[in-house]
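Take 0 as the starting number for the sequence shown in numbering that gives the first Met the number 0 and just add one per residue.
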Amino acid sequence: MNNNTIFDDVFRTMIEKIPQLAIPLINEVFQTSYPEDVEIIQLRNEHHQENGEIITDSCLRIGRKLYHIECQSVDDTTMAIRMIEYDFAIALDSARKYGRRYRIPTVKLNEYTKDKIFEKNLLMFLPFYIMRYEKEIHRINQDQEKLQSLLDEYEDIRVMLEKELTETGRAELYTNLNKLITKISDYICRDEEVVRERLGETMGGKVLELESERLRAEGKVLGESIGEARGEARGKVIGELQGEARLGVLINRLILDGRSAEVQGAATDAEKRKELYKEYGI
């Protein structure tokens, strides 16, 4: 598996599924001040050219501005060139004219402490936080004191994240981020069983599929099942009421026509009742 795949998957999952997380990041990188509820339009992340396809992590439109964001886990000297190639391709497609100078602002995750991340609301950084320990994860796995220090730090993150989101009515987002944090930590600690299991216990969950989507899917199936059951029960009740009303009309007609002797047959004999319904046009 490509080493970068896991990071790209998590980054794109956040962009596609919970794009509001990108707003604080854009504000931090581009020194803007968009509110978290600003409208975001997600553009396609690939562009086809004669000599191949250029793929980007994300391209977002906010108002009249386009923001091209890349998540890079290694020092790739070609990243700026690839971004410019993609941006030029988009510029040509939309007939936009850009200036001759390009500025690609960057931020480095290892410069952000967990407190700074929460202070700036850069929650999108949290799944990648474990990467700052990647080079020493083996020593942490062997050293109980270092391991406990890491676990304490992640317990602080969990508590801060829970407080930040559940108290503001965003419990679904808390679940989503928790899953993504665990996904990256499982990968970074894939060869260090003790660290991986203990971090998993601290944060919980080991599946990239967002819990909120699973719950919504289950809720939809359950709702449809309940709806069908209620529909069948309701249909049965309505049918019984309609049948009783129809029989009542028939009995009244028989009595009015002096055919009282046939009332019992109409009530107990289905075939006789069917003949009488046809006769009276009921």
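Don't be surprised by glycine CBs; every beta carbon is placed ideally from N, CA and C.
These numbers come from a predicted model, not from an experiment.
Query: One or two residues paired with LEU59 in a DSSP bridge; Result: GLN41 and TYR66
Query: Cut-off 8 Å between Cβ atoms - residues of its own chain near ARG195, not counting five sequence neighbours on either side; Result: SER184, ASP185, CYS188 and ARG189
Query: Three-state class that DSSP yields for ILE281 in the structure shown; Result: coil
Query: 8 Å Cβ cutoff met for LEU176 and LEU121; Result: no
Query: Touch test, the segment 104–120 against the segment 166–180, Cβ-Cβ under 8 Å, three pairs minimum; Result: no
Query: contact_flag[the segment 63–74, the segment 1–18] where n(CB pairs < 8 Å) is 3 or more; Result: yes
Query: Within 8 Å, strictly: CB atoms of LEU172 and ILE17; Result: yes
Query: Residues near LYS271 in its chain [Cβ-Cβ closer than 7 Å; skip 5 each side]; Result: GLY264 and ALA265
Query: Inter-residue spacing [alpha-carbon to alpha-carbon] between ARG245 and GLU278; Result: 13 Å
Query: Status (buried if at least 16 other CB within 10 Å, exposed otherwise) for LYS162; Result: exposed
Query: Candidates ILE139, SER57, ILE156 and GLU27, of which the one nearest THR105 by Cα; Result: GLU27
Query: Candidates TYR66, MET123 and ILE139, of which the one nearest PHE29 by Cα; Result: TYR66
Query: Rounded C-alpha distance that separates MET130 from GLY62; Result: 33 Å
Query: Option nearest PHE6 by Cα separation, candidates SER57, PHE127, LEU24 and GLU200; Result: PHE127
Query: Distance between LEU108 and ILE39 (C-alpha atoms, nearest Å); Result: 24 Å
Query: Buried versus exposed call for THR4 [16 or more other C-beta atoms within 10 Å across all chains shown]; Result: exposed
Query: Alpha-carbon spacing of ARG157 relative to ILE139, whole angstroms; Result: 20 Å
Query: Integer-rounded CB distance, given that TYR153 should sit under 8 Å from MET202; Result: 6 Å
Query: Element boundaries [alpha helix (DSSP H), containing THR284]; Result: A query on residue 284 cannot be resolved here, the shown segment of the chain reaching from 0 to 281 and no further.
Query: Chain-order list of residues whose beta-carbon lies under 6 Å from that of GLU35 (same chain, five-residue window excluded); Result: GLN19 and ILE22
Query: Coil, strand or helix - LEU172 by DSSP; Result: helix
Query: GLN41 versus THR31: straight-line alpha-carbon distance, rounded; Result: 18 Å
Query: Cα-Cα separation, LEU146 to VAL37; Result: 40 Å
Query: Close-in-space but distant-in-sequence residues of the same chain around TYR132 (CB under 8 Å, 5 per side omitted); Result: ILE139, LEU149 and ILE187
Query: Sub-8 Å separation of TYR276 and LEU253 beta-carbons; Result: no
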